[in-house]
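All remarks here apply to the structure that follows.
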Amino acid sequence: MGLTIASLIKKKAKMRVDLLNIYKSFGANDVLKDVNFNVQGGEICALIGENGAGKSTLMNILGGVHQPDQGQIVIDGKVVQFLTPADSLNAGIGFIHQELNLINDLNIYENMFIGRELTKSNGMLDRDTMIAQTAEIFDRLGLDIDPRTMVKDLDSSYKQVVEISRALLMKASIIIMDEPTSSLTVTEIQRVFNMMRTLREQNVGIVFISHKLNEVMQICDRYVVLRDGEIAGEGNIDEVHTGDLARMMVGHEIRVISLQREKEDREEALRVEALNDGHNFHNISFSVRKGEVLGITGLLGDGRSELFQSIFGAGTSYRGQVYLHGEPIRIINTTDAVEKGLAYLPRNRKENGIIKDMSVLENASVVIWPYISKFGFINTVAQTSFFDSQVKKLQIKLAHRNNLITSLSGGNQQKVVLAKWLSKEPSVLILDNPTQGVDVGAKEEIYDIILNLADEGVAVIVLSSEAQEIIRVCDRTLVMFHGHIQGELSSSEMNEHEIMRLATGLEEIQVR
Amino acid sequence: MANSAKTRFATAHNWFRSTWTENPLFSTGIALIVMIILQTLALGFDYPSFGVWFGTWTQNWINILRNNAAIGIVALGMTLVIISGGIDLSVGSMLVAVGAMLMMLIDTGPKGILLGLGLSGVPAYAVAILASLIMGAALGGLTGLLITAGKLPPFIATLGTMKIFRSVTQQFMTGYNPIVPKPFLQIASFSIGKQLLMPIIYWIILALIIHVIFVRTKFGRQVIAVGSNEKATKLSGVNVSSVKNRVYAIIGILVSLAAVLQVSRIGAMDYANAGSGYEMDAISAVIVGGTRMSGGKGSIIGTVLGTLIIAVMNNLLNLLGVPPFLREAFKGVIVIGAVLLQKKESLS
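Respectively, the protein sequence lines represent chains A and B. Following this note's numbering, the numbering of the first sequence begins with 1 at its first residue and continues without gaps. Following this note's numbering, the numbering of the second sequence begins with 1001 at its first residue and continues without gaps.
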């Protein structure tokens, strides 16, 4: 049994998949228009494009989730039809979704064999064989993990690795990875990349869906850019630069350099002294002035989100003192924070930002309801006029304000979440990962909004793990590492290398 | 010609389909209409004149509405609770607890509390009803605190209070049978044109009030927000605990109103059995009315329709002579069927 697994990975013949002239529409919305795409064993092909460009739909067709309206799927020269995800899997295509499909309360090997558990002749589970086969695959991939480890004890990169191993166990020759690095730290990303390289050597083909062009440059052999459901460009990675890819994605030039803003020293808006919650953050002191954009960056697990959620009254309790406009304040809950003029746009829009059962209008108004209500009744006229002015200011594209928030694209959803705060006219605006899951074009618009707000005198704090984002919009940045402020960089000192040096704890990062 | 009829049919079909999936009230409404047609057929047309038939039909309806007013009122509160992402199993027991206190207050026997204080007649009733409302709000608020401050799952918290409320009431009332004064019965039994319409009127008024609160007020909208995404709502500066506490206080108040109604209708209370099963009946009405069990979506109008669907079905089974033991099974079928229909909506 062990032998077959070994041979299965080692001697795999190169498989080739072609998607030919694919058309797909949902209702009146043409998502894919005559798209040709191919991938073969032994290569890593990047599939990039803005949100809504059709990447997911294309891969869902390959993964058997959707069926094309027109066009063919050809595997090694044979036309096939995938009516269900199982058909696709049986044909050797593994699809690893962005939201991982693992059960946290089971062991690794139980997860690997879920739904196809091996049993002994007496009907009991054959644990030993399952563990051995899992270990076999980990061995081939050069991983040192005990198959009996609980999945909940693994970090995100190893969960990714388990998913990939499961795909291999099911004899996948082509693996689709949908934004696998979006929740990983730098070291974790390298771990996944190493594994992808190993797979490539073993003739497995990988489709790598990503927004992060740096990663694409680092790991991929070939790229395919989708824009508005059509191929906007394809070729070999070593023939292009990130700028070229970005241009193909959006169809026009984008700015990648920072804007040196004219700054005048204004009075202090928020100052914190010696904040400490004994767990997530320690001895944090900083201040931010009116009209300033302060960046807070670091790697995953640096404690910045926890810090600002605590300041906003939604996190752990802490020791230390917060001053707002020079006055010492104590925020007891989020209602209190809003009343005092603080605003916090949370990370993970889907979980923390939007209320999916409510309309665009209501999502944009939830913060100001207490301020536009009389005897508890919402003044709908005021609500609508606040909304309309924000739609205009932030250029939110929407069909109708009473449609569900989920009908909007990621970028526009994020603008709505921003709008609900701006209606309250906060004096301190905290933005946690403001461009997460937002396409390149909308990203630029959000940066412009941030800079405009700062010009209007709002103190803006941008929390982000993307160094480029920090460099692009911030006047000054603090770099955090394991709950401590590791250093401060002025706009002239900011560069990716320096940020990464501080974020990794003042040690030189290994350059691969 | 045939072609245009075909397209017209297709358009109608599409409209029907999209309305059916997009508006849960539409499917609930149609289900109710079907029920009413079946019920009308079951009632028969074998009457000497249209007037007699219409009289019988109307009387039947008045009975249905009156008999379901109390459960209908409780279901209004249950709608808010379920939309906020919670559940309240304690309503039946709370009804008994509030009812017992109400009867002790207005008791005309030697142990009557208000009589002992020298209060009788309308002022006594007013005080007693006010005290009931306060008690309902307090018991509901207490449940809310268990859930928000005590961080208990609503199912567990209210399962506990359900046991406590009824058990303590039963023990407390052992060997004590308060006498409810006759005039108090007028609250439910005041007749309009020889018809006992008061319970129905209370139900309608309360449904309208709760509907307006739900649709038009900050609180009502926050209830949906909390049920749909508690984290995001909290991060938007909404005091989620306060919203939940108020939701449970409101269902407490509605339960106490149902208790007043029950006491004034019957003039007595069976502490072991009164209100038992109310929680499940109210939840059924809410679910059949298209409210999502996990919260974030639903309507008061839907719950009123849901209550009526179950009520009309009971009446229909009665008219058809289905044995009482079997009727509960039909209730089960209706609830399951309603959720299966909603499934289709969430899949599309």
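Ideal Cβ placement from N, Cα and C applies to all residues, glycine included. Being a predicted model, the structure only gives us computed values, none of them experimental.
Taking CB distances under 8 angstroms as the criterion, tell me whether residue i reaches chain B.
{"i": "A:GLY441", "result": "no"}
{"i": "A:GLU99", "result": "no"}
{"i": "A:PHE377", "result": "yes"}
{"i": "A:ALA337", "result": "yes"}
{"i": "A:ASP357", "result": "yes"}
{"i": "A:ALA6", "result": "Summary for A:ALA6: the model assigns pLDDT 48, below 50, so the residue's position carries little reliability; its value from the coordinates is reported in the next sentence. Answer no: the Cβ-Cβ gap between A:ALA6 and chain B never drops below 8 angstroms."}
{"i": "A:ILE296", "result": "no"}
Give me, in chain order, the residues of the same chain whose beta-carbon lies closer than 7 angstroms to that of residue i; leave out the 5 immediate sequence neighbours on both sides.
{"i": "A:TYR23", "result": "LEU32, LYS33, ASP34, PRO68, ASP69, GLN70 and GLY71"}
{"i": "A:PHE37", "result": "LEU19, LEU58 and VAL224"}
{"i": "A:SER310", "result": "ASP277, THR316 and TYR318"}
{"i": "A:LYS55", "result": "LEU47, GLY49, ILE209 and LEU226"}
Establish whether the CB of residue i and some CB of chain A are separated by less than 8 angstroms.
{"i": "B:GLY1116", "result": "no"}
{"i": "B:ILE1224", "result": "yes"}
{"i": "B:ARG1221", "result": "yes"}
{"i": "B:ARG1017", "result": "no"}
{"i": "B:GLY1029", "result": "no"}
{"i": "B:GLY1150", "result": "no"}
{"i": "B:GLY1296", "result": "yes"}
{"i": "B:VAL1339", "result": "no"}
{"i": "B:LYS1244", "result": "no"}
{"i": "B:SER1236", "result": "yes"}
{"i": "B:ARG1327", "result": "no"}
Smallest Cα separation from residue i: which of the options?
{"i": "B:GLN1195", "options": "B:PRO1153, B:ALA1258, B:ARG1066 and B:PRO1048", "result": "B:ARG1066"}
{"i": "B:ALA1100", "options": "B:PHE1045, B:VAL1052, B:ALA1258 and B:ARG1216", "result": "B:ALA1258"}
{"i": "A:ILE145", "options": "A:THR129, A:ILE108 and A:ASP76", "result": "A:ILE108"}
{"i": "B:SER1264", "options": "B:SER1189, B:PHE1165 and B:SER1294", "result": "B:SER1189"}
{"i": "B:ALA1274", "options": "B:LEU1076, B:PHE1054, B:ASP1046 and B:SER1090", "result": "B:SER1090"}
{"i": "A:ASP155", "options": "A:GLU110, A:THR181 and A:MET196", "result": "A:THR181"}
{"i": "A:GLY295", "options": "A:ALA246, A:ASN495, A:MET112 and A:LYS340", "result": "A:ASN495"}
{"i": "B:LEU1130", "options": "B:MET1280, B:GLY1337, B:VAL1260 and B:TYR1248", "result": "B:VAL1260"}
{"i": "A:GLU230", "options": "A:GLY437, A:ALA442, A:ASN452 and A:SER25", "result": "A:SER25"}
{"i": "B:GLY1295", "options": "B:MET1162, B:LEU1041 and B:GLU1230", "result": "B:GLU1230"}
On the criterion of 16 or more Cβ atoms from any shown chain inside 10 Å, does residue i qualify as buried, or is it exposed?
{"i": "B:GLN1186", "result": "exposed"}
{"i": "B:GLU1328", "result": "exposed"}
{"i": "A:SER492", "result": "exposed"}
{"i": "A:HIS211", "result": "buried"}
{"i": "B:ILE1071", "result": "buried"}
{"i": "B:VAL1052", "result": "exposed"}
{"i": "A:ASN29", "result": "exposed"}
{"i": "A:LEU418", "result": "buried"}
{"i": "A:ARG401", "result": "buried"}
{"i": "B:PRO1024", "result": "buried"}
{"i": "A:ARG116", "result": "exposed"}
{"i": "B:GLY1085", "result": "buried"}
{"i": "A:SER123", "result": "Note that residue 123 of chain A is Gly in the sequence shown, not Ser. Classification for A:GLY123: exposed."}
{"i": "A:LYS120", "result": "exposed"}
{"i": "A:LEU307", "result": "buried"}
For a cutoff of 8 angstroms on Cβ pairs, would you count residue i as touching chain E?
{"i": "A:GLY229", "result": "This model lacks chain E altogether; the protein chains it does include are A and B."}
Would you mind stating whether residue i and residue j have Cβ atoms separated by less than 8 angstroms?
{"i": "A:LEU489", "j": "A:VAL479", "result": "yes"}
{"i": "A:ILE413", "j": "A:ARG349", "result": "A quick correction: the sequence has Gln, not Ile, at residue 413 of chain A. Contact flag set, yes."}
{"i": "A:VAL338", "j": "B:THR1233", "result": "no"}
{"i": "A:GLU50", "j": "A:MET249", "result": "yes"}
{"i": "B:PRO1183", "j": "B:GLY1109", "result": "no"}
{"i": "A:ARG148", "j": "A:ILE137", "result": "no"}
{"i": "A:LEU431", "j": "A:LEU299", "result": "no"}
{"i": "B:GLU1080", "j": "B:ILE1253", "result": "Just to set this straight, residue 1080 of chain B is Leu in the shown sequence, not Glu. No, the Cβ-Cβ distance between B:LEU1080 and B:ILE1253 is not below 8 angstroms."}
{"i": "B:ASP1088", "j": "B:ILE1301", "result": "no"}
{"i": "B:PHE1165", "j": "B:LEU1139", "result": "yes"}
{"i": "A:LYS415", "j": "A:ILE396", "result": "yes"}
So, at 8 angstroms on beta carbons, what are the nonlocal neighbours of residue i in its own chain, with the 5 sequence-adjacent residues on each side left out?
{"i": "B:LEU1317", "result": "LEU1326, ARG1327 and PHE1330"}
{"i": "B:VAL1335", "result": "SER1284, ILE1287 and VAL1288"}
{"i": "B:ALA1124", "result": "LEU1105, ILE1106, LEU1114 and LEU1115"}
{"i": "B:MET1269", "result": "VAL1096, GLY1099, ALA1100, MET1103, GLN1262 and VAL1263"}
{"i": "A:ILE355", "result": "GLU362, ASN363, VAL366 and ILE405"}
{"i": "A:ILE470", "result": "GLY295, THR297, VAL462, SER464, THR477, MET494 and ILE499"}
Within its chain, find whatever has a CB closer than 6 angstroms to the CB of residue i; leave out the 5 residues flanking it on each side and keep chain order.
{"i": "A:GLN40", "result": "LYS14, ARG16 and GLY205"}
{"i": "A:SER157", "result": "LEU184, GLU188, ARG191 and VAL192"}
So is the beta-carbon of residue i under 7 angstroms away from any non-hydrogen atom of the ligand ATP?
{"i": "B:ILE1134", "result": "Inclusion of the ligand ATP in the displayed structure is not the case, the ligand content being empty and no account of it being possible."}
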